[in-house]
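Residue numbers (the numbering used here): -19 to 215.
All residues carry an ideal CB built from backbone N, CA and C; glycine is no exception.
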Ligand code: SF4
């Protein structure tokens, strides 16, 4: 089952790369600028979410050192997630206390570039990378105003500086991947990239999903990571 779902999601990822390259080419031809590039890593400090299928593909390709880094990040999340009350609080906690994606390589490039999830592929920045990692609660009102005024509202998902159309395409492809998982398992799973990868590596969540909803829920509960900010199970 997973082999087939992974093949399909890889096709979606390849399509995403082609569509976003075409979008960048049109935008830059019209005088716009996209600031993403190897090693800029600003967006890798965000809380990254992914589909279960992409997590299974990534888990199967990690080195021991990468799996260890994922485990460490999940342990940090486990310790910090308890008091979180809402999504804003989760994103703030993630940015301030969890740090960069555990799959970021030492040279600042993505350590799983060819396998990176759709959510990473879809994020294109119309501003310098420092704006991707910025904590807006620490930015002065004047700077915030200047930032907002500088945005190209015809393309961004205002008031953020990321390109709206590629994000929408990525979300559509993620929904398709989730629907395909639901066709096979009767439910789909979406959530934190490190948590899903860790659950596959350490708890066999991929096998549990193939055994059905009950087995998957049991596996997630056993891990102690059944938190609504980390995992979403849908029918
Ligand atoms: S998977 Fe790669 S691109 Fe995505 S957040 Fe992690 S290091 Fe960055």
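Spatial neighbours of residue i in its chain, beta-carbon cut-off 6 Å, leaving aside the 5 residues before and after
i: residue 0; result: 146
i: residue 199; result: 183, 185, 188
i: residue 108; result: 15
i: residue 82; result: 49, 50, 53, 174
i: residue 56; result: 78
i: residue 215; result: 167
i: residue 169; result: 32, 213
i: residue 112; result: 22, 23, 105
i: residue 196; result: 188, 189
Contacts around residue i, its chain only, beta-carbon distance under 7 Å, and the 5 residues preceding and following it disregarded
i: residue 88; result: 19, 21
i: residue 47; result: 181
i: residue 136; result: 106, 142, 143, 144
i: residue 64; result: 70, 73, 209
i: residue -7; result: 98, 101
i: residue 138; result: 131
Cβ of residue i within 8 Å of any chain E Cβ
i: residue 99; result: Checking the listed chains, one finds no chain E in this structure; it contains a single protein chain.
CB of residue i within 8 Å of CB of residue j, strictly
i: residue 210; j: residue 177; result: no
i: residue 156; j: residue 115; result: no
i: residue 32; j: residue 161; result: yes
i: residue -14; j: residue 36; result: yes
i: residue 302; j: residue 205; result: This structure gives no information on residue 302, because the portion of the chain shown stretches from -19 to 215.
i: residue 192; j: residue 166; result: yes
i: residue 27; j: residue 172; result: yes
i: residue 4; j: residue 140; result: no
i: residue -4; j: residue 150; result: yes
i: residue 121; j: residue -19; result: no
i: residue 95; j: residue 38; result: yes
8 Å CB neighbourhood of residue i in its chain, flanking five on each side removed
i: residue 110; result: 22
i: residue 80; result: 21, 24, 25
i: residue 119; result: 127
i: residue 8; result: 14
i: residue 67; result: 209
i: residue 12; result: 106, 132, 135
i: residue 202; result: 183
Heavy atom of the ligand FMN within 7 Å of residue i beta-carbon
i: residue 143; result: No copy of the ligand FMN appears in this structure; the ligands present are the ligand SF4.
Item to complete: Would you check if there are 3 or more beta carbon pairs closer than 8 Å linking the segment 130 to 148 to the segment 59 to 73?
Response: no
Worksheet item: If we count Cβ pairs, one from each stretch, closer than 8 Å, do we get three or more for the segment 26 to 45 versus the segment 127 to 144?
Response: no
Discussion item. Beta-carbon distances below 5 Å to any heavy atom of the ligand SF4 define the shell here; list its residues in chain order, please.
Written reply: 24, 28, 81, 83, 84, 90, 96, 100
Practice prompt. For the segment 97 to 105 and the segment 64 to 80, state whether three or more C-beta atom pairs, one from each stretch, are separated by less than 8 Å.
Written response: no
Fill in: Segments assigned beta strand (DSSP E), at least 3 residues, entirely inside the segment -12 to 43
29 to 31
Worksheet entry | Residue ranges of each alpha helix (DSSP H) within the segment 133 to 211, 4 or longer | 144 to 165, 173 to 183, 185 to 191, 193 to 203
Worksheet entry | 3 or more residues per run - each beta strand (DSSP E) lying fully within the segment 50 to 117 | none
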